[in-house]
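For reference, the structure is listed below as structure tokens.
There are 6 protein chains.
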Amino acid sequence: MSTVQMIEYDVASDEIRSIYDDIMATRQTETVNNFWKVLASRPDLLKDTWNDVKSVMSAGELDPLTKEMVYVAVSAVNACDYCINSHTAAARSKGMSEGMLMELMAVVGMANRTNALANGLQIDVDNAFRNGGR
Amino acid sequence: MSTVQMIEYDVASDEIRSIYDDIMATRQTETVNNFWKVLASRPDLLKDTWNDVKSVMSAGELDPLTKEMVYVAVSAVNACDYCINSHTAAARSKGMSEGMLMELMAVVGMANRTNALANGLQIDVDNAFRNGGR
Amino acid sequence: MSTVQMIEYDVASDEIRSIYDDIMATRQTETVNNFWKVLASRPDLLKDTWNDVKSVMSAGELDPLTKEMVYVAVSAVNACDYCINSHTAAARSKGMSEGMLMELMAVVGMANRTNALANGLQIDVDNAFRNGGR
Amino acid sequence: MSTVQMIEYDVASDEIRSIYDDIMATRQTETVNNFWKVLASRPDLLKDTWNDVKSVMSAGELDPLTKEMVYVAVSAVNACDYCINSHTAAARSKGMSEGMLMELMAVVGMANRTNALANGLQIDVDNAFRNGGR
Amino acid sequence: MSTVQMIEYDVASDEIRSIYDDIMATRQTETVNNFWKVLASRPDLLKDTWNDVKSVMSAGELDPLTKEMVYVAVSAVNACDYCINSHTAAARSKGMSEGMLMELMAVVGMANRTNALANGLQIDVDNAFRNGGR
Amino acid sequence: MSTVQMIEYDVASDEIRSIYDDIMATRQTETVNNFWKVLASRPDLLKDTWNDVKSVMSAGELDPLTKEMVYVAVSAVNACDYCINSHTAAARSKGMSEGMLMELMAVVGMANRTNALANGLQIDVDNAFRNGGR
Chain A
24 MSTVQMIEYD VASDEIRSIY DDIMATRQTE TVNNFWKVLA SRPDLLKDTW
74 NDVKSVMSAG ELDPLTKEMV YVAVSAVNAC DYCINSHTAA ARSKGMSEGM
124 LMELMAVVGM ANRTNALANG LQIDVDNAFR NGGR
Chain B
24 MSTVQMIEYD VASDEIRSIY DDIMATRQTE TVNNFWKVLA SRPDLLKDTW
74 NDVKSVMSAG ELDPLTKEMV YVAVSAVNAC DYCINSHTAA ARSKGMSEGM
124 LMELMAVVGM ANRTNALANG LQIDVDNAFR NGGR
Chain C
24 MSTVQMIEYD VASDEIRSIY DDIMATRQTE TVNNFWKVLA SRPDLLKDTW
74 NDVKSVMSAG ELDPLTKEMV YVAVSAVNAC DYCINSHTAA ARSKGMSEGM
124 LMELMAVVGM ANRTNALANG LQIDVDNAFR NGGR
Chain D
24 MSTVQMIEYD VASDEIRSIY DDIMATRQTE TVNNFWKVLA SRPDLLKDTW
74 NDVKSVMSAG ELDPLTKEMV YVAVSAVNAC DYCINSHTAA ARSKGMSEGM
124 LMELMAVVGM ANRTNALANG LQIDVDNAFR NGGR
Chain E
24 MSTVQMIEYD VASDEIRSIY DDIMATRQTE TVNNFWKVLA SRPDLLKDTW
74 NDVKSVMSAG ELDPLTKEMV YVAVSAVNAC DYCINSHTAA ARSKGMSEGM
124 LMELMAVVGM ANRTNALANG LQIDVDNAFR NGGR
Chain F
24 MSTVQMIEYD VASDEIRSIY DDIMATRQTE TVNNFWKVLA SRPDLLKDTW
74 NDVKSVMSAG ELDPLTKEMV YVAVSAVNAC DYCINSHTAA ARSKGMSEGM
124 LMELMAVVGM ANRTNALANG LQIDVDNAFR NGGR
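Protein chains in written order, with this note's numbering: chain A, 24 to 157; chain B, 24 to 157; chain C, 24 to 157; chain D, 24 to 157; chain E, 24 to 157; chain F, 24 to 157.
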């Protein structure tokens, strides 16, 4: 159970409620998930994090599904059970198939493997790759 | 400099050369990058890792560019300078624009932030998200 | 459940008991927590770790509450559920308010975000910051 | 060198310049550091991250120096050279002595050690610590 | 519960069954553990990962028990509960005593501590240690 | 360069010198490496860490070479360049061959890969593996 108390809609302040309303409207759901109810202990953090997520995760040069899959990848490396489950669910709702999830995880596993090899053997960056090849 | 010696093409065994040849042919380059020249100290590991990378990173249900961007995301979290640079370069060569790279990093930064919040506050997974929403 | 058996007070050796006694006296509690009962499988590790914790976490140039909050921060990044819970509890017992905990987590989330950005984009350290500005 | 080009003040757009101006005014410096010049490739990310940092790192229930030290702690665990150097410098400019830095690092090292032990031995959270003792 | 469905032996394809058979024969067990039943959603990943594990973990210049202990060490740092438990069990079945497990964890804890110190204080590699002393 | 100044032997206090002497005698070298010269800024931390390292890394149920290799494994996952180089050098001086190093890294890479898969797919621990099979 979370280390701070969650703030439910019916006992929330007007400031918090208006963010909860925006979350539910944006996501077209009728409930606010635990992550936000925990952050609500500090309304500034709730507001700021929600605005950030809304802006970063919406369509841009990358589509929303790709972004959700990147989110799952990062969360897998960080062993964040909450985020793995919630963003796998979000990716599914945006069209990720079982095959896509398994292919994503194959890439994550491969990257984690070669990251350990390149760091562990202290391999020098090739000239051609310096500055990410720009 | 790497903690083991790199094996250059002209001193490599036939077994290693044939893998180097496949790497250059597949990637349409004329050089083998340091990563493989370091792994070549153990031909089994070279062969196995290359076959894995070739199979995992090729087109499937996810396109090769998306896979390269996921690779960059994982490498950023693991602080692997070699992999960040080489896969940013690879993603660029497959069409990643500056805008896409920055948008990718915005997602990675956001995920890393909320991972710390969800773990640090021990937030419970909502019922709706359990099992990744399947 | 832990991968090694915990050693309870009544079956512990005299060597272990004297450390358990010191833990309870120092912390003014009447129980020894699981962490120490697991380490007790190797009395040297128990003794050494406890002496270390006692010395490092006591008041010095930083006060004990600040140290507990730093502990929570590190544990959040490492996804250590045991340590997050136990040190959040310890920080609370030393005076951390709900507001302080949320503010701490806001900093941890922010740092985790910018760490990913700075590593992922391979940003060079400014001259003014080299050697941590000394 | 960073994987995207830095945007210097004299070639920056008005939107970016106004953020640069705010950074320099807030920090009472005459230069903008590399981190922001890299993020400027995506003005939204620059603006959003700066506003976040400014709000999170200012005085609240925790003082700015404590926040900088927490930042250094998180950055040490994430092996972020840029952030370690820049926030150690920031902490120094806010009054951190050599003794405080070493004491901070002693706590970080201790936490990293016991995190590995608690996770590696799968130690159960004591009832008294559940929910961070609330 | 896993985010993808496990594939049980009796509903598995012939391709998957032959890998399951090899796993059980190699490990001299009569069941296939969850890890493989999850990977089976993507037969290529199952096959490839299993062949890799079988080849890497068998006796070579390092004995199988040492390899299992290294596996536990890595898994502890990555907070992978599944891997910590399964490889601690595997190490035990290959002869790891309680004393060896505790000694292993003492090294892991120590390494995690000094890693944080060396990174956090940005200590330069001594000339004698460059390239891992080769 | 390190974020705190190193303390050289000839300007060190007697307390620090006696630890430096013990380090050189134990390791049969004529120099003290940077790690200790940085920790010396806080003599307590120097003394405590050295005593810990000396005790944990000496022969016990695991031999010193195995311990050094575990150290390299942990350091690779944590991206600690200092520790990777210094402990690879130490392992070499204790008899690690090139083949052993590559085999070690193959295990580390494999473990890092399956850790990401098991966490990322939220795989349940099999009953047979619970509590590490004890």
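Using N, Cα and C, we set each Cβ at its ideal position, and we do this for glycine too.
Q) Of the residues that make up the stretch 117–151 of chain B, which ones have a beta carbon closer than 7 angstroms to any beta carbon in chain E? A) Interface annotation for the stretch 117–151 of chain B against chain E: empty, criterion Cβ-Cβ distance under 7 angstroms.
Q) So L69 of chain B is in the alpha helix (DSSP H); what residue range does that whole segment cover? A) Here residue 69 of chain B refers to the residue found at position 46 of the second sequence. Where L69 of chain B is concerned, the enclosing alpha helix (DSSP H) stretches over P66 to M80.
Q: Would you decide whether T52 of chain C is buried or exposed? Buried here means 16 or more other CB atoms lie within 10 Å of its CB.
A: Locating residue 52 of chain C in the third sequence gives position 29, where the first residue counts as 1. The residue is exposed, with fewer than 16 neighbouring Cβ atoms inside 10 Å.
Q: For G155 of chain F, decide whether its Cβ has a neighbour in chain D, counting only Cβ atoms nearer than 9 angstroms.
A: Taking the first residue of the sixth sequence as position 1, residue 155 of chain F is located at position 132. Residue-level contact check: G155 of chain F touches chain D, since one or more beta carbons of chain D fall below 9 angstroms from its beta carbon.
Q. Should T89 of chain B be flagged as near chain F, meaning a C-beta pair shorter than 9 angstroms?
A. Numbered from 1 along the second sequence, position 66 holds the residue referred to as residue 89 of chain B. So, not an interface residue.
Q.
Looking only at its chain, what residues have a beta carbon closer than 6 angstroms to the beta carbon of L127 of chain A, apart from the 5 residues adjacent to it on each side?
A. Counting from one through the first sequence, the residue named residue 127 of chain A turns up at place 104. Contacts found: M92.
**Q.** Neighbour list for A63 of chain E in chain F, Cβ cutoff strictly below 9 angstroms
**A.** As a working mapping, residue 63 of chain E is identified with position 40 in the fifth sequence. Neighbours of A63 of chain E across chain F, judged by C-beta separation under 9 angstroms, do not exist; the nearest C-beta is about 11 angstroms away.
Q: Return no unless some Cβ of chain A is closer than 9 angstroms to the Cβ of D44 of chain D.
A: Numbered from its first residue, the fourth sequence carries residue 44 of chain D at position 21. D44 of chain D does not count as touching chain A.
Q) From N56 of chain A to P87 of chain E, what distance separates their C-alpha atoms? A) Mapped onto the first sequence, residue 56 of chain A falls at position 33. Mapped onto the fifth sequence, residue 87 of chain E falls at position 64. Distance between the alpha carbons of N56 of chain A and P87 of chain E is about 45 angstroms.
**Q.** Whole-Å CB distance - T89 of chain A paired with C106 of chain B, under 8 angstroms assumed
**A.** Your numbering for residue 89 of chain A matches position 66 in the first sequence. Your numbering for residue 106 of chain B matches position 83 in the second sequence. No, T89 of chain A and C106 of chain B are not in contact; Cβ-Cβ is about 20 angstroms, not under 8 angstroms.
Q. Can at least three beta-carbon pairs, one atom from the stretch 115–130 of chain C and one from the stretch 138–145 of chain C, be found at a separation below 8 angstroms?
A. Segment contact: the stretch 115–130 of chain C against the stretch 138–145 of chain C, fewer than three CB-CB distances shorter than 8 angstroms; contact not assigned.
Q: Could you tell me whether any Cβ in chain F is nearer than 9 angstroms to the Cβ of L85 of chain B?
A: Working through the second sequence from its first residue, we reach residue 85 of chain B at position 62. L85 of chain B has a beta carbon lying at 9 angstroms or more from every beta carbon in chain F.
Q) Checking contacts by CB at 9 angstroms: is T72 of chain A closer than that to chain C? A) Numbered from its first residue, the first sequence carries residue 72 of chain A at position 49. Yes, T72 of chain A lies at the interface with chain C (some Cβ there is under 9 angstroms from its Cβ).
Q) Name the chain D residues that come within less than 8 angstroms of A102 of chain B, Cβ to Cβ? A) Working through the second sequence from its first residue, we reach residue 102 of chain B at position 79. Residues of chain D passing the Cβ test: N101, A102 and C103.
Q.
Taking a contact to mean a Cβ-Cβ separation below 9 angstroms, would you say R153 of chain C touches N108 of chain D in this structure?
A. By 1-based counting over the third sequence, the position of residue 153 of chain C is 130. By 1-based counting over the fourth sequence, the position of residue 108 of chain D is 85. A distance below 9 angstroms separates the beta carbons of R153 of chain C and N108 of chain D.
(Q) If you follow the alpha helix (DSSP H) that A48 of chain C is in, where does it begin and where does it stop? (A) Translated into positions along the third sequence, residue 48 of chain C becomes position 25. That run of the alpha helix (DSSP H) goes D37 to R50.
(Q) Quick check: the Cα distance between S6 of chain A and A129 of chain F, rounded to an integer number of angstroms? (A) Look at the range of chain A in this structure, 24 to 157, and you will see that residue 6 of chain A is not part of it.
Q. Going by Cα to Cα distance, which pick from B:A114, B:A63, B:L68 and B:V97 is closest to S81 of chain B?
A. Numbered from 1 along the second sequence, position 58 holds the residue referred to as residue 81 of chain B. Here the closest residue by C-alpha is B:A114.
Q.
Could you check whether G155 of chain D and T72 of chain C sit closer than 9 angstroms to each other, using their CB atoms as the reference points?
A. For the purposes of this step, residue 72 of chain C is taken as the residue at position 49 of the third sequence. For the purposes of this step, residue 155 of chain D is taken as the residue at position 132 of the fourth sequence. 9 angstroms or more divides the Cβ of T72 of chain C from the Cβ of G155 of chain D.
Q: Can you say whether T49 of chain C is buried or exposed, counting buried as having 16 or more other CB atoms within 10 angstroms of its CB?
A: Within the third sequence, residue 49 of chain C is the residue found at index 26, counting from 1. In this structure T49 of chain C is exposed. Its beta-carbon is surrounded by fewer than 16 other beta-carbon atoms within 10 angstroms.
Q) Are any of the Cβ atoms in chain F nearer than 9 angstroms to that of D67 of chain E? A) On the fifth sequence, position 44 is the one that residue 67 of chain E refers to. Output row for D67 of chain E: interface = no.
**Q.** Beta-carbon contacts of V131 of chain C that lie in its chain and below 6 angstroms, excluding the five residues immediately before and after
**A.** Against the third sequence, residue 131 of chain C aligns to sequence position 108. Leaving aside the five residues that flank V131 of chain C on each side, the residues in its chain whose CB is nearer than 6 angstroms to its CB run, in chain order, A96 and A99.
Q. Would you call the CB atoms of K77 of chain C and D45 of chain C closer than 9 angstroms?
A. Along the third sequence, read from residue 1 onward, the residue named residue 77 of chain C stands at position 54. Along the third sequence, read from residue 1 onward, the residue named residue 45 of chain C stands at position 22. Taking 9 angstroms as the Cβ cut-off, K77 of chain C and D45 of chain C qualify as a contacting pair.
Q) Exposed or buried, what is S64 of chain B when buried is set at 16 or more other beta-carbons lying within 10 Å of its beta-carbon? A) On the second sequence, position 41 is the one that residue 64 of chain B refers to. Buried, because 16 or more other Cβ atoms sit within 10 Å of the Cβ of S64 of chain B.
(Q) Tell me the rounded alpha-carbon separation between L69 of chain C and R157 of chain D. (A) For the purposes of this step, residue 69 of chain C is taken as residue 46 along the third sequence, with counting starting at 1. For the purposes of this step, residue 157 of chain D is taken as residue 134 along the fourth sequence, with counting starting at 1. Answer to the nearest angstrom: the Cα atoms are 28 angstroms apart.
Q) Thinking just about the alpha-carbon of each residue, which of A:F58, A:T54 and A:L85 is nearest to the one in S25 of chain A? A) What you label residue 25 of chain A is simply residue 2 of the first sequence in a count that begins at 1. Ranking the options by Cα distance to S25 of chain A, first place goes to A:F58.
Q. Among A:S116, A:C103, A:I39 and A:D149, which has the Cα closest to the Cα of V148 of chain B?
A. As a working note, residue 148 of chain B is residue 125 in the second sequence. For the residues A:S116, A:C103, A:I39 and A:D149, the minimum Cα distance to V148 of chain B belongs to A:C103.
Q) From E:L124, E:L62 and E:V34, pick the residue whose C-alpha is nearest to that of L85 of chain F; which is it? A) Walking along the sixth sequence from the start, residue 85 of chain F turns up at place 62. Comparing Cα-Cα distances from L85 of chain F to each of E:L124, E:L62 and E:V34, the minimum goes to E:L124.
Q) Taking only beta-carbon atoms, is M80 of chain F less than 9 angstroms away from chain E? A) Position 57 of the sixth sequence, counting from 1, holds the residue named residue 80 of chain F. For M80 of chain F, a Cβ of chain E is located within less than 9 angstroms of the residue's own Cβ.
Q) To the nearest angstrom, how far is it from the Cα of D33 of chain E to the Cα of A139 of chain F? A) Locating residue 33 of chain E in the fifth sequence gives position 10, where the first residue counts as 1. Locating residue 139 of chain F in the sixth sequence gives position 116, where the first residue counts as 1. Each residue's alpha carbon lies about 28 angstroms from the other.
Q | Whether M133 of chain F touches D67 of chain E by CB criterion (9 angstroms) | A | Here residue 133 of chain F refers to the residue found at position 110 when the sixth sequence is read from its first residue. Here residue 67 of chain E refers to the residue found at position 44 when the fifth sequence is read from its first residue. Going by C-beta atoms, M133 of chain F is not nearer than 9 angstroms to D67 of chain E.
Q. Straight-line CA distance for G83 of chain D to V79 of chain A?
A. Residue 83 of chain D sits at position 60 when you count from the first residue of the fourth sequence. Residue 79 of chain A sits at position 56 when you count from the first residue of the first sequence. In this structure, the alpha-carbon of G83 of chain D lies about 27 angstroms from that of V79 of chain A.
Q) Of all Cβ atoms in chain A, is any one closer than 9 angstroms to the Cβ of N108 of chain C? A) Working through the third sequence from its first residue, we reach residue 108 of chain C at position 85. With 9 angstroms as the cut-off, N108 of chain C counts as an interface residue toward chain A.
**Q.** CB-CB length for E38 of chain B against K60 of chain B, believed under 8 angstroms
**A.** Against the second sequence, residue 38 of chain B aligns to sequence position 15. Against the second sequence, residue 60 of chain B aligns to sequence position 37. The Cβ separation is near 14 angstroms, so there is no contact.
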